[in-house]
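Asker: In my numbering, the protein residues as written are -3 to 411.
By construction, the Cβ of each residue, glycine as well, lies at the ideal position given by its N, Cα and C atoms.
#1: Measuring alpha carbon to alpha carbon, tell me which of 181, 44, 157, 8 ends up nearest residue 116.
#2: Helix, strand or coil for residue 381, going by three-state DSSP, please let me know.
#3: Among the residues of its own chain, which have a CB less than 7 Å from the CB of residue 395, if the five just before and after it don't count?
#4: Skipping 5 residues on each side, what residues in its chain have a beta carbon closer than 7 Å to that of residue 35?
#5: What would DSSP say about residue 78, mapped onto helix, strand or coil?
#6: Establish whether the CB of residue 329 and some CB of chain D are separated by less than 8 Å.
#7: What are the boundary residues of the alpha helix (DSSP H) that residue 91 is part of?
#8: Provide the residue span of the beta strand (DSSP E) that contains residue 341, from first to last.
#9: In terms of residue numbering, what span does the beta strand (DSSP E) encompassing residue 107 cover?
#10: Once the 5 residues before and after residue 127 are set aside, which same chain residues still bring their CB inside 6 Å of it?
#11: Would a C-beta distance cut-off of 8 Å place residue 114 and residue 63 closer than the cut-off?
#12: Taking residue 346 and residue 328 to be in contact with their CB atoms under 8 Å, please state how far apart those CB atoms are, rounded to whole angstroms.
#13: Using alpha carbons as the reference points, say which of 89, 122, 85, 259 lies closest to residue 224.
#14: Does DSSP classify residue 373 as helix, strand or coil?
#15: DSSP beta-bridge partners for residue 292?
#16: Does the stretch 221 to 239 come close enough to the stretch 267 to 286 that 3 or more CB-CB pairs lie under 8 Å?
#17: At what residues does the beta strand (DSSP E) containing residue 259 begin and finish?
#18: Less than 8 Å between the beta carbons of residue 23 and residue 29, yes or no?
#19: Would you check if the stretch 4 to 12 and the stretch 81 to 95 touch, i.e. whether three or more CB-CB distances between them fall below 8 Å?
#20: What does the Cβ neighbour count give for residue 236, buried or exposed, with the cut at 16 atoms within 10 Å?
#21: Tell me whether residue 14 sits in a helix, a strand or coil according to DSSP, three-state version.
#22: Exposed or buried, residue 378, counting other C-beta atoms within 10 Å across all chains shown (16 or more means buried)?
#23: In three-state terms, what does DSSP make of residue 359?
#24: In chain order, what residues of the same chain have a beta carbon less than 6 Å from the beta carbon of residue 40, not counting five sequence neighbours either side?
#25: Helix, strand or coil for residue 316 per DSSP?
#26: Among all the DSSP beta bridges, which residues are the ones paired with residue 232?
#27: Please report how far the alpha carbon of residue 16 lies from the alpha carbon of residue 251, in whole angstroms.
#28: Measure the alpha-carbon distance for residue 146 versus residue 411 and round it to whole angstroms.
#29: Below 8 Å between beta carbons: does that hold for residue 302 and residue 284?
#30: Going straight from the alpha carbon of residue 47 to that of residue 181, what length do you get?
#31: Measuring alpha carbon to alpha carbon, tell me which residue in 348, 400, 91, 312 is nearest residue 332.
#32: In angstroms, rounded to a whole number, what distance separates the CA positions of residue 37 and residue 389?
#33: Let me know the secondary structure DSSP gives residue 3 once reduced to three states.
#34: Is residue 335 helix, strand or coil when you go by DSSP?
#35: Could you tell me which residues DSSP pairs with residue 415 in its beta bridges?
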């Protein structure tokens, strides 16, 4: 359909239109999102079309049904759908047929008329998401004088658009990728989510990955390729097609190329490769700072205000060697934070910042090497905590390696 034009009849006049133009007109007349319409068409007839939209199906030449409306299971579903495209239903008035542009004997009538049918029968009747199209949990809704009135909930579960139980998942993943490819994923979106009694807070997919070597992340896209090198030209090792599937991130944002940050990951199959960072989300919320007893442990390169916001401390004073520092200044190991509202004081421990200058740099790298080689001994408990970055209870080459990667911007130190 992309960049393809077809001859159609609009208001009795023949004209040539692209599919893009037809879909935009369908959106205008139905009130549906053009992205939703395009996604629905691709879901029903595939990216390359099907016999439902070829116009050549035996016995129904010249008829089209882009939404497979009335193509119910059993017998010949395509023939059933095209019969609807040709004649509507036996009890449908001529006025209704005219409203829906039936017969659908060209692509314009089929796409625009079908969109109006979907909007009136489902979207405007309360079943206004892909989930509700399949799972009718809103009850039957009728339209009177422009107002909707919900009928008894005992009518739930009786009005479904499709029989395929995987349709909502498949359709929404296609819609997600459409938004990503159009670079509008960060635009404001309105989500309508049904809430049921006794629902668990989360229900993610299980994994057999040993979680000791890295942090777990969820896939946030489908059709995502795992490559041998951090580049779009890298050899494809696997394709991830399941949302919320867990992968282990061995190195976070370890490279940048072709407009993407890249993570080195391990899959449940054991395959190790690289995935664009934008398609991964941490299983556990990433934190910048936490309170541990009389300490505040934090990651490097965050300022006073970021740390305070993370901890929910609204009234505070941060000092370095007794001198107050401002909200925009970075924190360092040994700094003091006084929670003036609760009259508590904490000593800051910034992982990797051994010398307390508010940065992780070659000075810290040199110092930790001296400690490992037993040339120097750390006596301050807070500095010891800052040096034990991986939390294994010892200061060793593992911690030194983490500092080195932070300095080289291969990966960032995390809590």
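Answerer: Result, derived from the coordinates:
#1: 157
#2: helix
#3: 364, 383, 384, 385, 386
#4: Only 167, 170, 171, 174 meet the Cβ criterion.
#5: helix
#6: Among the protein chains of the structure shown there is no chain D, as only one such chain exists.
#7: Segment 90 to 95, the alpha helix (DSSP H) holding residue 91.
#8: 340 to 346
#9: Element bounds for residue 107: not the beta strand (DSSP E) but the alpha helix (DSSP H), 103 to 117.
#10: 164
#11: yes
#12: Indeed, because the Cβ distance is near 5 Å, the residues count as touching under 8 Å.
#13: 259
#14: coil
#15: 287, 344
#16: Cβ pair count under 8 Å is three or more, so yes.
#17: 256 to 262
#18: Contact: yes.
#19: Because the criterion of three Cβ pairs below 8 Å is not met, the stretch 81 to 95 and the stretch 4 to 12 do not touch.
#20: Buried.
#21: strand
#22: buried
#23: helix
#24: 63, 64
#25: The answer is strand: DSSP assigns residue 316 an E or B state.
#26: 223
#27: 37 Å
#28: Unreliable positioning characterises residue 146 in this predicted model, as indicated by a pLDDT of 46, which lies under 50. The coordinate reading is nonetheless provided below. So the two alpha carbons sit approximately 50 Å from each other.
#29: For the 8 Å CB-CB criterion, residue 302 and residue 284 form a contact.
#30: 33 Å
#31: 312
#32: 57 Å
#33: strand
#34: strand
#35: For residue 415 there is no data in the structure shown, the boundaries of the chain being -3 and 411.
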